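Here numbering that gives the first Met the number 0 is used: the sequence shown runs in plain steps of one and ends on residue 230.
Yeah, the Cβ is synthetic: ideal placement off N, Cα and C, and Gly gets one too.
Quick caveat, the model's predicted, so the values are computed rather than measured.
Here is the structure we will look at, set down as structure tokens.
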Amino acid sequence: MKTIGLLGGMSWESSALYYEILNEEVKERLGGLHSARCVMLSVDFAEIERLQMAGDWERAGALLAEEARRIEAAGAEMLLLCTNTMHKLAPQIEAAIAIPFLHIADATGAAIRRAGLRTVGLLGTRFTMEEAFYADRLRKRWGLEVLIPEAADRQIVHQIIYEELVLGIVRDESRRKYLRIIDDLRRRGAEGIIEGCTEIGMLLTPKHTDIPLFDTTRIHALAAVEAALSQ
Numbered sequence: 000m001k002t003i004g005l006l007g008g009m010s011w012e013s014s015a016l017y018y019e020i021l022n023e024e025v026k027e028r029l030g031g032l033h034s035a036r037c038v039m040l041s042v043d044f045a046e047i048e049r050l051q052m053a054g055d056w057e058r059a060g061a062l063l064a065e066e067a068r069r070i071e072a073a074g075a076e077m078l079l080l081c082t083n084t085m086h087k088l089a090p091q092i093e094a095a096i097a098i099p100f101l102h103i104a105d106a107t108g109a110a111i112r113r114a115g116l117r118t119v120g121l122l123g124t125r126f127t128m129e130e131a132f133y134a135d136r137l138r139k140r141w142g143l144e145v146l147i148p149e150a151a152d153r154q155i156v157h158q159i160i161y162e163e164l165v166l167g168i169v170r171d172e173s174r175r176k177y178l179r180i181i182d183d184l185r186r187r188g189a190e191g192i193i194e195g196c197t198e199i200g201m202l203l204t205p206k207h208t209d210i211p212l213f214d215t216t217r218i219h220a221l222a223a224v225e226a227a228l229s230q
């Protein structure tokens with residue numbers, strides 16, 4: 000079993016889910032008392048959030064690249080960045096390490112193609128929804144059509160993430176808002192919805208809607224287990 004490196008803390012709420020999923024899946028596959036070999040470094044999200052809001056992506060990239068090097072030095076044989084938004088900085092992080100970097104959008108794109116879908120709605124932070132680093136990767140590498148909510152709804156999605164979900168707050172009222180936004184994306188042609196923030200799975204699960212949901216946290220973690228157990 001290879002050692003999985005986790006760069007987490009963005010937020011710790013979803014990083015805890017990564018750890019849980021990794022260990023549950025390894026136990027399911029190998030049985031007995033097996034659990035995942037992993038190394039996690041969890042950053043202080045307040046520092047990252049300040050850099051995001053200030054638009055200082057260069058500093059954020061340097062910070063995460065240094066943390067990635069520490070994870071590699073601790074023995075990790077692959078790296079997961081446990082957040083969608085900060086994949087904006089994937090090139091800087093990949094350049095800092097020699098171990099494989101498992102990109103969350105690639106794992107998600109593969110899952111969507113396996114499901115036979117081509118047009119998907121994308122929910123996430125405003126950075127993930129509005130900037131090209133995520134949707135363009137899905138379009139160019141995986142041949143997907145990616146729809147995002149209208150401007151007012153993007154603000155709602157973003158605000159609920161930062162004011163509630165990253166703090167572990169899950170509200171029925173917010174779920175209803177997300178479901179309304181999903182209905183709009185469906186009317187525009189979405190066949191499935193990418194939960195493109197690692198905390199959204201805390202709010203929405205398949206029991207809440209009949210449209211396929213692609214939980215990026217689970218998809219990413221399962222891809223890591225597959226890589227860790229492959230020869």
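Residue(s) in a DSSP beta bridge with residue i
i	result
E194	L122 and D214
M77	I3
V38	G4
Assigned exposure category for residue i - 16 Cβ within 10 Å defines buried
i	result
T216	buried
S173	buried
T127	buried
T204	exposed
I218	buried
G74	exposed
M52	exposed
K87	buried
E19	exposed
A94	exposed
R28	exposed
Cα-Cα separation, residue i to residue j
i	j	result
R153	A106	24 Å
D182	S13	25 Å
G54	E71	27 Å
E223	R185	Looking at the sequence shown, residue 223 is not Glu but Ala. If I take the Cα positions, the gap works out to 30 Å.
A15	C37	13 Å
A151	Q230	47 Å
E48	H157	13 Å
I210	V145	15 Å
R175	A97	44 Å
V169	L212	18 Å
A109	L116	10 Å
E130	K139	15 Å
D43	I180	31 Å
A45	G31	39 Å
Short Cβ contact (8 Å threshold) for residue i with residue j
i	j	result
S11	S41	The displayed chain sequence assigns Trp, not Ser, to residue 11. Yes.
T118	G195	no
A226	K26	no
L80	A89	yes
N83	T197	yes
Q91	A64	yes
E178	T208	Correcting the residue identity first, residue 178 is Leu in this sequence and not Glu. Their beta carbons are under 8 Å apart, which means L178 touches T208 by this criterion.
L164	L202	yes
A67	L6	yes
I241	L122	As shown, the chain starts at 0 and ends at 230. That puts residue 241 outside it, with no answer to give.
L143	I103	no
Proximity test, residue i beta-carbon vs the ligand ADP heavy atom, cut-off 7 Å
i	result
L79	Because no ligand of any kind appears in the structure shown, any question about the ligand ADP cannot be addressed here.
### Query
Can you give, in chain order, each stretch of the beta strand (DSSP E) that sits fully within the segment 112-182 and has at least 3 residues?
118-122 and 144-146
### Query
Which ranges would you report for the alpha helix (DSSP H) in the segment 59-106 if only whole runs of at least 4 residues count?
89-95
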